[in-house]
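The sequence shown begins at 5 in our numbering and counts up by one.
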Amino acid sequence: MDGLRDFHYVEFRVSNALQTSFWYCCCLGFNRFAIQKDEKTTAIAIRNGKAIFVIKSIHDDMNKENSDQIRAHGDAIKDIAFRVDDIDAVAERLISNGVEILLPKTMIQDEDGRVMLLKLQAKDSDITHTLVNDKDYHGLFLPGFQPVDDYALCSSLEPIPMVLVDHVVQNYPVGTIEDAAEWYKQSLALHRFWSIDDRITTSEYSAMKAWLITNDDQKVQMTLAEAVPRRNGTSQIEEFVNYNGGPGIQHVALLVDDIVSTVIKMQERSVEFLHVPPSYYVLLEERLKNSKVHLKEDIAKLRELCILMDFDDNGYLLQLFTKPVQDRPTLFIEIIQRRNFNGFGAGNFKALFDAVEREQRLRGTLCEET
């Protein structure tokens, strides 16, 4: 198998790995479990279920790449790492397609075994992708990482169980997602699975379109989104690209088994979520009356917590979105629950679009017509 198997980890590049990892552990229920540290670099690995975040900071004024990264993007996701079974076949495809490779196939090892790595640069983006073959490794995480206790406060809190990284979403400048999708097809064998255009995600002020790309078994799903120019306002995708200093990861979706209890616990820890108007749930109840789906959760609780729902005759998904998790209006987190539903929440794209635009209005970045 020469494609991607699943998400391995998500790497954040930040100015302070200690503080950032502490926030994710305390507020989102992650646990610190491994660390790699020297005089110039700190990388803290945290996990919740199979979802692993690596929070990395580099303390080296002479490291121009890191200085440029932090200056342009602030605290942001730098790398989406994937597990692969046949790294040689992937490397051969990358080379034949002329993909920029930052780190050629490399072996790292310690007493627990060896791991093969390869890192590539995404086209026209500062995002990188590390490909990992760890079939011969039996250690904690990756060679070079040492075990570390969780933060004492976080370990004393009630768990917030999560399952894995469900999908990620990237935002791009106007007119570039077709090239981006073609790059992912040629380099990582991700194919176009679904799309939505500006006839759906539109308002008086702005619009956007998006493509979902995925591997064959849909264990790796990424959405690529771009703005559609509008005269009356600044699109939320344009706002992201402006504040992020270019394209980047807009959000990471974390799969859970019980979204209601998850959201309640996160709210108790001061996590803020996007607001959904009551009218959304009036329409939802009307749609459910004509559906075969059986909703196990209390719709009043979904309304109270601003949880969105999409469904077909076989099942449904529930999802909601945090407000940006740093001072720039860029990265946020999605919480998602699936009940026999493998779709992508296409029915909620308009609701999410409107919710983010309401936040834009509050920030004063949605330039209304005068």
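The beta carbon of each residue, even a glycine, is placed where N, CA and C say it ideally should be. This one's a predicted model, so the numbers in the text were calculated from it and none came from an experiment.
Worksheet item: Starting from K109 and walking both ways along the beta strand (DSSP E), at which residues does that stretch end?
Response: I105 to D114
Worksheet entry | Cβ-based burial, R17 [other Cβ within 10 Å; buried from 16] | buried
Fill in: Which of helix, strand or coil DSSP assigns to K82
strand
Worksheet item: Which runs of the alpha helix (DSSP H) fall wholly inside the stretch 293 to 321 and span at least 4 residues, in chain order?
Response: 303 to 309
Practice prompt. In angstroms with no decimal places, state the Cα-to-Cα distance between Q150 and I56.
Written response: 15 Å
Practice prompt. Over the uninterrupted alpha helix (DSSP H) stretch that includes N20, give me the two end residues.
Written response: Looking at the DSSP string, N20 is not in any alpha helix (DSSP H), and its letter there is neither H nor E.
Worksheet item: What alpha helix (DSSP H) runs, 4 residues minimum, are completely inside the stretch 107 to 165?
Response: 156 to 160
Worksheet item: From T134 to L122, what does the alpha carbon distance come to, in whole angstroms?
Response: 6 Å
Worksheet entry | D202 (DSSP reduced to helix, strand or coil) | A caution first: D202 carries a pLDDT of 48, below 50, which makes its placement in the model too unreliable to give a value.
Item to complete: Could you name the residues of the same chain whose beta carbon sits closer than 6 Å to that of H171, not counting the 5 residues immediately before and after it, in chain order?
Response: Q225 and A257
Worksheet entry | Nearest to A126 (by Cα), restricted to the options G148, D183, F315 and I59 | D183
Worksheet entry | Same chain, Cβ closer than 8 Å to R196, five either side skipped, listed in chain order | A185, K189, W215, L216 and I217
Worksheet item: Where L32 and I39 are concerned, what is the direct C-alpha to C-alpha distance, given to the nearest angstrom?
Response: 19 Å
Worksheet item: Is there contact here, the stretch 237 to 250 with the stretch 327 to 340, by at least three beta-carbon pairs under 8 Å?
Response: yes
Worksheet item: How is the beta strand (DSSP E) around V169 delimited, first residue to last?
Response: L168 to Y176
Discussion item. If contact is defined by three or more beta carbon pairs under 8 Å, each pair taking one atom from either stretch, is the stretch 66 to 80 in contact with the stretch 91 to 103?
Written reply: no
Item to complete: Give the range of the beta strand (DSSP E) segment to which H279 is assigned.
Response: Note, H279: premise wrong, no beta strand (DSSP E); not H, not E.
Practice prompt. Assign Q40 to one of three DSSP states: helix, strand, or coil.
Written response: strand
Discussion item. Check for me: the beta strand (DSSP E) holding M226 runs from which residue to which?
Written reply: Q225 to V232
Item to complete: Decide if I241 is buried, meaning its Cβ has at least 16 other Cβ atoms within 10 Å, or exposed.
Response: buried
Worksheet entry | Paired residues, beta bridge with N35 - DSSP | R51
Discussion item. With H, G and I counted as helix, E and B as strand and the rest as coil, what does DSSP make of M66?
Written reply: coil
Item to complete: Evaluate the contact criterion for the stretch 98 to 112 versus the stretch 157 to 172: three or more CB pairs, one atom per stretch, below 8 Å.
Response: no
Worksheet item: Do V14 and V88 have their CB atoms nearer than 8 Å?
Response: no
Worksheet item: Three or more beta-carbon pairs under 8 Å between the stretch 299 to 313 and the stretch 263 to 276, yes or no?
Response: yes
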